[in-house]
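K.L.:
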Amino acid sequence: MKKRNTVYEDRAEKEEKRRQNREAYNEKHTVLCPHCGKIVLDHMTKCPHCEKELKPAGYQPMDLKKIRKIKLIGYGVCIAAAAIVIVCILIFK
């Protein structure tokens, strides 16, 4: 039978696996800056090397119409919930 790893070896294996996962994640989410050519993360809006503006990959700001609609629905839900709570308090008082 094979001897079981010690606690320190288990910890070292876990740390190595975490490091590999971090590296894989960073590889997946890095792009080259179009201005200076250095590696930056794809969600950055400013290059940390040359400090020029970047457009994050996949980022599109919401239009004002959509924001207003979301706010209106949120306010309506909150008002309805408050009304239900008030009615329940009055009924079960």
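Per this note's numbering, residue 2 is the first one in the sequence shown, and the count goes up by one each step.
Even for Gly, the Cβ is constructed at its ideal location relative to N, Cα and C.
Predicted, not measured: the structure shown is a model, and the values here were computed from it.
1) With 16 as the cutoff for other CB atoms within 10 Å, does Leu55 come out buried or exposed?
2) Can you tell me which residues form a DSSP beta bridge with Glu54?
3) Got a sec? Which residues, its chain only, sit under 8 Å from Lys15 by beta carbon, not counting five neighbours each side?
4) Would you kindly work out how many angstroms separate the C-alpha atoms of Glu17 and Phe93, rounded to a whole number?
5) Under 9 Å between the Cβ atoms of His36 and Cys51?
6) Helix or strand or just coil, what does DSSP make of Met2?
7) Is Val78 buried or exposed, if buried means 16 or more other CB atoms sit within 10 Å of its CB?
8) Near Pro57, what residues of its chain come up, given a Cβ to Cβ distance below 8 Å and the 5 sequence neighbours on each side ignored?
9) Have a look at the DSSP bridge pairing and note the partners of Ile40.
10) Taking only three categories from DSSP, how would you classify Gln21?
P.N.:
By the coordinates alone:
1) buried
2) Lys47
3) none
4) 59 Å
5) yes
6) Bear in mind that a pLDDT of 49 at Met2, under 50, signals an unreliable position, so the model cannot answer this.
7) exposed
8) Asp43, His44, Met45, Thr46
9) Leu33
10) helix
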